[in-house]
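Novice:
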Amino acid sequence: MKNGLITAGIDIGSTTSKAALWIDDHLKSYVIGPSTTNPRATARECYERVLQDAGLQDDDVAYIVGTGYGRAKVSFADENISELSAHGKGAKTLLPSARTVIDIGGQDTKVVLLDAGGRMLEYVMNDKCAAGTGRFLEFIARSLGIEVKDLARLHANGNYQPVRLSSMCSVFIESEVINLVNDEVPLPFIVQGLHQSIANRVAALVKRVGLVEDVVITGGVAKNAGVVDALQRNLRVKLKTFPDGVDPQMMGGIGAAVIAKEMYLKRNQ
Ligand SMILES: Nc1ncnc2c1ncn2[C@@H]1O[C@H](COP(=O)(O)OP(=O)(O)OP(=O)(O)O)[C@@H](O)[C@H]1O
Ligand SMILES: [Mg+2]
601 MKNGLITAGI
611 DIGSTTSKAA
621 LWIDDHLKSY
631 VIGPSTTNPR
641 ATARECYERV
651 LQDAGLQDDD
661 VAYIVGTGYG
671 RAKVSFADEN
681 ISELSAHGKG
691 AKTLLPSART
701 VIDIGGQDTK
711 VVLLDAGGRM
721 LEYVMNDKCA
731 AGTGRFLEFI
741 ARSLGIEVKD
751 LARLHANGNY
761 QPVRLSSMCS
771 VFIESEVINL
781 VNDEVPLPFI
791 VQGLHQSIAN
801 RVAALVKRVG
811 LVEDVVITGG
821 VAKNAGVVDA
831 LQRNLRVKLK
841 TFPDGVDPQM
851 MGGIGAAVIA
861 KEMYLKRNQ
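If you use my numbering, the sequence shown closes out at 869, no skipped numbers anywhere.
Okay, structure coming up:
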């Protein structure tokens, strides 16, 4: 094959839409954009953009796998798979020692336990409660007049004195946070408390599947070093990081592209 074996993974999440191109054993290019009310068109756009970035055409791609919340809308995919399989496969491919994979996306949190060979042993998902997700962080950041990408800086700024947030529900947490601001509690301590409350929720999920090291975090929220820090303190383990330049938000898309390669090879052996 002229360009090697090229496959694509398209991850249509609740918050962002992602496309990855995998060539033989490495990531060729990827794109991340916002999800829209027209997932079918958004999936197509992401795919076209990722092809353009790589200087490739649809004909060059041997197999396409869709995943994520909107996977059924990736009408040009050959197959679609669950996000749990996609994140597990992506994490295992880029970090072979990974056994526990925590995906924190915009809308839900999933924890996948893998065996040493990468097979899924257990999983648990929280899709009922908004208060532990990326959208929740966006929502609270907005009420604080900051952006999600500023949260990590605030978390790391100064001493570690997280406030204790007692509310369980995102709307009540917001009013609690606003009260703390009015009481002139320093912003870093509020943000640390926010991250700690997320870490508590995620840790409860991790305990349900059991924790086996190495533990790795994927999804957009993995880019928030404050959440990573709070989780490490709570779980008392060091989370493993992906090699430099690998975006943890892309793990579902990458996993789908790797599974696309495996499916293609199986069908054409
Ligand atoms: N640079 C960043 N810093 C901090 N947080 C970020 C950053 N970029 C994205 N995020 C967070 O990532 C979230 C989106 O993550 P992701 O793209 O994994 O979600 P998704 O796959 O669409 O959602 P789901 O898997 O729940 O359907 C945003 O809500 C935001 O909180
Ligand atoms: Mg996702």
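Using N, Cα and C, we set each Cβ at its ideal position, and we do this for glycine too. Note that the structure is predicted; figures quoted are calculated from it, not measured.
1. What whole-angstrom Cβ distance do residue 693 and residue 609 have, given they're in contact under 8 Å?
2. Inspect the beta-carbon positions of residue 740 and residue 773 and report whether they are closer than 9 Å.
3. If we require 4 or more residues per run, which alpha helix (DSSP H) segments fall completely within the region 750-814?
4. Compute the minimum distance between the beta carbon of residue 611 and the heavy atoms of ligand 2, and state whether it is under 8 Å.
5. Might you give, ordered along the chain, the residues of its own chain that have their beta carbon closer than 6 Å to the beta carbon of residue 724, omitting 5 neighbours on each side?
6. I'd like the list of long-range same chain contacts for residue 605, defined as Cβ closer than 8 Å, with 5 residues on each side in sequence excluded.
7. Say whether the region 816-829 touches the region 844-859, bearing in mind that this needs 3 or more beta-carbon pairs closer than 8 Å, one atom from each stretch.
8. Leaving out five residues before and five after residue 714 in sequence, what residues of the same chain have Cβ atoms less than 7 Å from its Cβ?
9. Does the beta-carbon of residue 617 have 16 or more other beta-carbons within 10 angstroms, so that it is buried, or is it exposed?
10. Can you check DSSP and say which residues form a bridge with residue 617?
11. Going straight from the alpha carbon of residue 755 to that of residue 788, what length do you get?
12. State yes or no: is the C-beta of residue 664 within less than 9 Å of the C-beta of residue 607?
13. Any chance you could list the alpha helix (DSSP H) runs of at least 4 consecutive residues sitting entirely within the region 661-747, in chain order?
14. Between the Cα of residue 630 and those of 637, 619, 771, spot the shortest distance and give me the residue it belongs to.
15. Quick one: is the Cβ of residue 723 within less than 8 Å of any heavy atom of ligand 1?
16. In whole angstroms, what is the alpha-carbon distance linking residue 671 and residue 716?
17. Below 8 Å on the Cβ atoms is my contact criterion, and I expect residue 690 with residue 793 to pass it. Report the Cβ-Cβ distance as a whole number of Å.
18. For residue 834, I'd like the list of residues in its chain whose CB is within less than 6 Å of its CB, leaving aside the five on either flank, ordered along the chain.
Specialist: Straight from the coordinates:
1. 11 Å between Cβ atoms; not a contact.
2. yes
3. 770-782, 787-809
4. yes
5. 711, 805, 808, 809
6. 623, 624, 662, 861, 864, 865
7. yes
8. 688, 692, 698, 699, 701, 720, 721
9. buried
10. 612, 633
11. 5 Å
12. yes
13. 683-694, 734-743
14. 619
15. no
16. 28 Å
17. Not confirmed; about 31 Å, so no contact.
18. 799, 803
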